[in-house]
Amino acid sequence: MSDPFLPTPYRVTSARQELSDVTTLELTPEHGAIPAFQPGQFNMLYAFGVGEAAISISGDPADPTRLIHTIRSVGAVSAALANTQPGTTLGLRGPYGTAWPCAASEGQDIIFIAGGLGLAPLRPAIRHTLANRARYGRVTLLYGARDPSGLLYRTELEHWRTLLDVDIHITVDHADPSWHGNVGVVPRLIPRLGLDPLNTTAMVCGPEIMMRYSATALHDSGLPLERIHVSLERNMKCAIGLCGHCQFGADFICKDGPVFRYDLVAPRLAIREL
Amino acid sequence: METLERIVMAHPFFAGLESELGPLIAGCAKNLRFTAGQYLFRSGEPANEFYLIREGTVALEIQPPGQPPVVYATETTGDIVGTSWLVPPYRWNFDARATTPVRAISLDATCLRNKCEADHHLGYEMLKRFLPEISQRLDDARLQMLDVYARPKR
Numbered sequence: 010m011s012d013p014f015l016p017t018p019y020r021v022t023s024a025r026q027e028l029s030d031v032t033t034l035e036l037t038p039e040h041g042a043i044p045a046f047q048p049g050q051f052n053m054l055y056a057f058g059v060g061e062a063a064i065s066i067s068g069d070p071a072d073p074t075r076l077i078h079t080i081r082s083v084g085a086v087s088a089a090l091a092n093t094q095p096g097t098t099l100g101l102r103g104p105y106g107t108a109w110p111c112a113a114s115e116g117q118d119i120i121f122i123a124g125g126l127g128l129a130p131l132r133p134a135i136r137h138t139l140a141n142r143a144r145y146g147r148v149t150l151l152y153g154a155r156d157p158s159g160l161l162y163r164t165e166l167e168h169w170r171t172l173l174d175v176d177i178h179i180t181v182d183h184a185d186p187s188w189h190g191n192v193g194v195v196p197r198l199i200p201r202l203g204l205d206p207l208n209t210t211a212m213v214c215g216p217e218i219m220m221r222y223s224a225t226a227l228h229d230s231g232l233p234l235e236r237i238h239v240s241l242e243r244n245m246k247c248a249i250g251l252c253g254h255c256q257f258g259a260d261f262i263c264k265d266g267p268v269f270r271y272d273l274v275a276p277r278l279a280i281r282e283l
Numbered sequence: 003m004e005t006l007e008r009i010v011m012a013h014p015f016f017a018g019l020e021s022e023l024g025p026l027i028a029g030c031a032k033n034l035r036f037t038a039g040q041y042l043f044r045s046g047e048p049a050n051e052f053y054l055i056r057e058g059t060v061a062l063e064i065q066p067p068g069q070p071p072v073v074y075a076t077e078t079t080g081d082i083v084g085t086s087w088l089v090p091p092y093r094w095n096f097d098a099r100a101t102t103p104v105r106a107i108s109l110d111a112t113c114l115r116n117k118c119e120a121d122h123h124l125g126y127e128m129l130k131r132f133l134p135e136i137s138q139r140l141d142d143a144r145l146q147m148l149d150v151y152a153r154p155k156r
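Protein chains in written order, with the working numbering: chain A, 10 to 283; chain B, 3 to 156.
So this is what it looks like as structure tokens:
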């Protein structure tokens, strides 16, 4: 039996600075093939000599040639990963965790709601949906950021906006007058959409409080809580449900999440100690 | 030709309002257009009206001293602009600038306040529509104040 903590070496093939503290790395395995992943899953990336961190996969699940991760430099490990240069070798374990309900949502309307860096874990699901557009009904993306300089994947957002069968709404918390887009919090956009609540699945990722407000606004628009899915984040260490670092009540985020049905976690999100 | 009363009553803000109140409200209304960049009002001016946006987008701005203006909200088709007309001293505390061509209905504040005072049923119907707006904006302001997308503190 192989050691579940043994990372596989991957080479960084490109490093793209998205924002001042956010970098997207493209990785390719030094040996063998990239394991298949589902939208919403994460990998453990190891900066040798520094440490390991859980990073969502943010690339295209249909592209077997490269693994993509978008990393914000927050602590020592994420800073080391975000500052990695092409040619560097990183360790990788994964993929781990639960996935967005892309297959289960076929035939329905989909609303993606992303806040800040939360667009990264949603991007594989968005790409999957757009690549299989005929399988879904109305597709909507709401994306919120702190200000216009904090918008992730701008080129891709601009491309999605050119598609005629996707409804994209971007908003920022504040802006200077040169910004011609929407200003205000993401949940404010939800009542304007005219959702078909009994035929819509929502996938929400962002800061936890933004997800709670968004889920409330979705529910107020008639969406049953079980049709809302969120991706949670806690400090993950082992990624296989052994160490307990990411315990969230009766669940481990790494093993039972990170994607959860909202009705199953909502009561716990209101408990401060969790 | 569409009458002002029909336009006012068709605005989402007045959804569900009994039709008997339409003439009272429409009696205080007038049709307005703003070009992109034009201000609906400026901070410090008397709040003599509020606006139903029929089409277009309006940026709500505050001007920190010595700094560029900050847009903290945009209101768009189907929204309203302005609640200061309801609360003494009836003065705007922010600027409202059209960012696109805007078609709006302006409702005269003094006219409407007098009618609400004379007809408390009308007044209650107005409050039932304005209070959720005010409450929602407070919630939005709290969420903005939390600065949830800022770099996490270590």
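Built from N, CA and C at the ideal position, the CB exists for glycine as well.
Short Cβ contact (8 Å threshold) for residue i with residue j
{"i": "Ile-107(B)", "j": "Ala-38(B)", "result": "no"}
{"i": "Val-21(A)", "j": "Thr-79(A)", "result": "no"}
{"i": "Ile-262(A)", "j": "Cys-252(A)", "result": "no"}
{"i": "Met-245(A)", "j": "Trp-109(A)", "result": "no"}
{"i": "Gly-193(A)", "j": "Ala-75(B)", "result": "yes"}
{"i": "Phe-15(B)", "j": "Leu-54(B)", "result": "yes"}
{"i": "Asn-52(A)", "j": "Ile-43(A)", "result": "no"}
{"i": "Leu-54(A)", "j": "Leu-101(A)", "result": "yes"}
{"i": "Thr-78(B)", "j": "Arg-56(B)", "result": "no"}
{"i": "Leu-172(A)", "j": "Ala-129(A)", "result": "no"}
{"i": "Cys-118(B)", "j": "Met-128(B)", "result": "yes"}
{"i": "Asp-174(A)", "j": "Arg-144(A)", "result": "no"}
{"i": "Gly-18(B)", "j": "Trp-94(B)", "result": "no"}
{"i": "Arg-153(B)", "j": "Asp-30(A)", "result": "yes"}
Closest by C-alpha distance to residue i, when choosing among the options
{"i": "Ile-82(B)", "options": "Met-147(B), Ala-100(B) and Gly-24(B)", "result": "Ala-100(B)"}
{"i": "Gln-40(B)", "options": "Ala-12(B), Gly-84(B), Ala-49(B) and Arg-105(B)", "result": "Arg-105(B)"}
{"i": "Gly-3(A)", "options": "His-78(A), Arg-170(A), Gly-127(A) and Ser-114(A)", "result": "Beyond the ends of chain A as shown, which are 10 and 283, falls residue 3(A); an answer cannot be given."}
{"i": "Leu-204(A)", "options": "Met-53(A), Ile-119(A), Gly-58(A) and Phe-51(A)", "result": "Ile-119(A)"}
{"i": "Pro-103(B)", "options": "Gly-24(B), Thr-59(B) and Glu-7(B)", "result": "Thr-59(B)"}
{"i": "Asp-229(A)", "options": "Arg-201(A), Ile-135(A) and Cys-247(A)", "result": "Arg-201(A)"}
{"i": "Gly-165(B)", "options": "Gln-69(B), Leu-88(B), Val-10(B) and Trp-94(B)", "result": "In the structure as shown, chain B starts at 3 and stops at 156, and residue 165(B) therefore has no counterpart that could be examined."}
{"i": "Leu-139(A)", "options": "Trp-169(A), Glu-39(A), Pro-130(A) and Arg-163(A)", "result": "Trp-169(A)"}
{"i": "Gln-26(A)", "options": "Pro-130(A), Ser-11(A), Ala-88(A) and Asp-260(A)", "result": "Ala-88(A)"}
{"i": "His-123(B)", "options": "Ile-27(B), Ala-49(B) and Leu-54(B)", "result": "Ile-27(B)"}
{"i": "Gln-314(A)", "options": "Leu-161(A), Ala-24(A), Ile-135(A) and Tyr-55(A)", "result": "Since the first and last residues shown for chain A are 10 and 283, residue 314(A) lies out of range."}
{"i": "Val-73(B)", "options": "Asp-272(A), Arg-155(A), Thr-37(A) and Thr-17(A)", "result": "Arg-155(A)"}
{"i": "Thr-164(A)", "options": "Leu-28(A), Pro-16(A) and Leu-234(A)", "result": "Leu-28(A)"}
{"i": "Asp-142(B)", "options": "Gly-84(A), Gly-60(A), Ser-11(A) and Ile-199(A)", "result": "Ile-199(A)"}
{"i": "Gly-1(A)", "options": "Val-86(A), Asp-72(A), Leu-76(A) and Ala-45(A)", "result": "There is no way to answer for residue 1(A), as the model of chain A reaches only from 10 to 283."}
{"i": "Asn-33(B)", "options": "Glu-20(B), Glu-22(B), Ile-9(B) and Gly-46(B)", "result": "Ile-9(B)"}
{"i": "Leu-76(A)", "options": "Pro-267(A), Ala-56(A) and Ala-45(A)", "result": "Ala-45(A)"}
{"i": "Thr-210(A)", "options": "His-238(A), Pro-216(A), Ser-187(A) and Val-274(A)", "result": "His-238(A)"}
{"i": "Glu-61(A)", "options": "Val-274(A), Ala-279(A), Pro-73(A) and Pro-16(A)", "result": "Pro-16(A)"}
{"i": "Pro-90(B)", "options": "Ala-152(B), Arg-115(B) and Arg-131(B)", "result": "Arg-115(B)"}
{"i": "Gly-41(A)", "options": "Ile-64(A), Pro-73(A), Ser-11(A) and Ala-56(A)", "result": "Pro-73(A)"}
{"i": "Glu-135(B)", "options": "Gly-84(B), Asp-121(B) and Leu-148(B)", "result": "Gly-84(B)"}
Own chain residues within Cβ distance below 7 Å of residue i, not counting five before or after
{"i": "Val-195(A)", "result": "Ile-122, Gly-124, Leu-151, Gly-153, Thr-180, Met-219 and Ser-223"}
{"i": "Phe-257(A)", "result": "Leu-241, Arg-243, Arg-277 and Leu-283"}
{"i": "Tyr-92(B)", "result": "Pro-48, Ala-49, Ser-86 and Ala-111"}
{"i": "Pro-13(A)", "result": "Ile-249"}
{"i": "Ala-24(A)", "result": "Thr-32, Leu-34, Thr-93, Gln-94 and Pro-95"}
{"i": "Leu-227(A)", "result": "Ile-199, Ala-211 and Ile-237"}
{"i": "Arg-270(A)", "result": "Glu-235 and His-238"}
Cβ neighbours of residue i in the same chain (closer than 8 Å, five flanking residues each side left out)
{"i": "Asn-92(A)", "result": "Thr-32 and Ser-82"}
{"i": "Thr-225(A)", "result": "Pro-196"}
{"i": "Ser-21(B)", "result": "Met-11"}
Beta-carbon separation (whole angstroms), residue i vs residue j, contact threshold 8 Å
{"i": "Pro-133(A)", "j": "Asp-176(A)", "result": "Pro-133(A) to Asp-176(A), Cβ: 20 Å. No contact."}
{"i": "Leu-159(A)", "j": "Cys-214(A)", "result": "Reading off the sequence shown, one finds Gly at residue 159(A), where the question assumed Leu. About 15 Å separates the two Cβ atoms, so there is no contact after all."}
{"i": "His-183(A)", "j": "Gln-138(B)", "result": "18 Å between Cβ atoms; not a contact."}
{"i": "Leu-99(A)", "j": "Tyr-19(A)", "result": "5 Å"}
{"i": "Pro-70(B)", "j": "Asp-265(A)", "result": "Rounded, the Cβ-Cβ distance is 47 Å, inconsistent with contact."}
{"i": "Leu-234(A)", "j": "Pro-206(A)", "result": "Contact flag wrong, Cβ pair sits at about 11 Å."}
{"i": "Val-150(B)", "j": "Pro-38(A)", "result": "Actually they are not in contact, since the Cβ atoms of Val-150(B) and Pro-38(A) sit about 36 Å apart, beyond 8 Å."}
{"i": "Val-268(A)", "j": "Gly-49(A)", "result": "4 Å"}
Contact set for residue i: own chain, Cβ-Cβ below 6 Å, skip 5 residues either direction
{"i": "Gly-190(A)", "result": "Ile-179"}
{"i": "Asp-110(B)", "result": "Cys-30 and Glu-51"}
{"i": "Gly-24(B)", "result": "Glu-7 and Met-11"}
{"i": "Arg-44(B)", "result": "Asp-97"}
{"i": "Asp-272(A)", "result": "Leu-234 and Glu-235"}
Problem set entry | Complete runs of the alpha helix (DSSP H) confined to the stretch 174-234 of chain A [at least 4 residues] | 217-229
Exercise. Which full runs of the beta strand (DSSP E) of 3+ residues lie inside the stretch 62-97 of chain B, going along the chain?
Worked result: 72-78
For this session: Go through the stretch 122-147 of chain B residue by residue and report every complete run of the alpha helix (DSSP H) that reaches 4 residues or more, in order.
Result: none
For this session: Mind listing, in chain order, the continuous alpha helix (DSSP H) runs of no fewer than 4 residues lying wholly within the stretch 11-96 of chain A?
Result: 85-91
For this session: Taking only runs that begin and end inside the stretch 128-177 of chain A, name each unbroken alpha helix (DSSP H) of 4 or more residues, in chain order.
Result: 128-140 and 163-171
Problem set entry | alpha helix (DSSP H) segments (min. 4 residues) lying fully within the stretch 12-50 of chain B | 24-28
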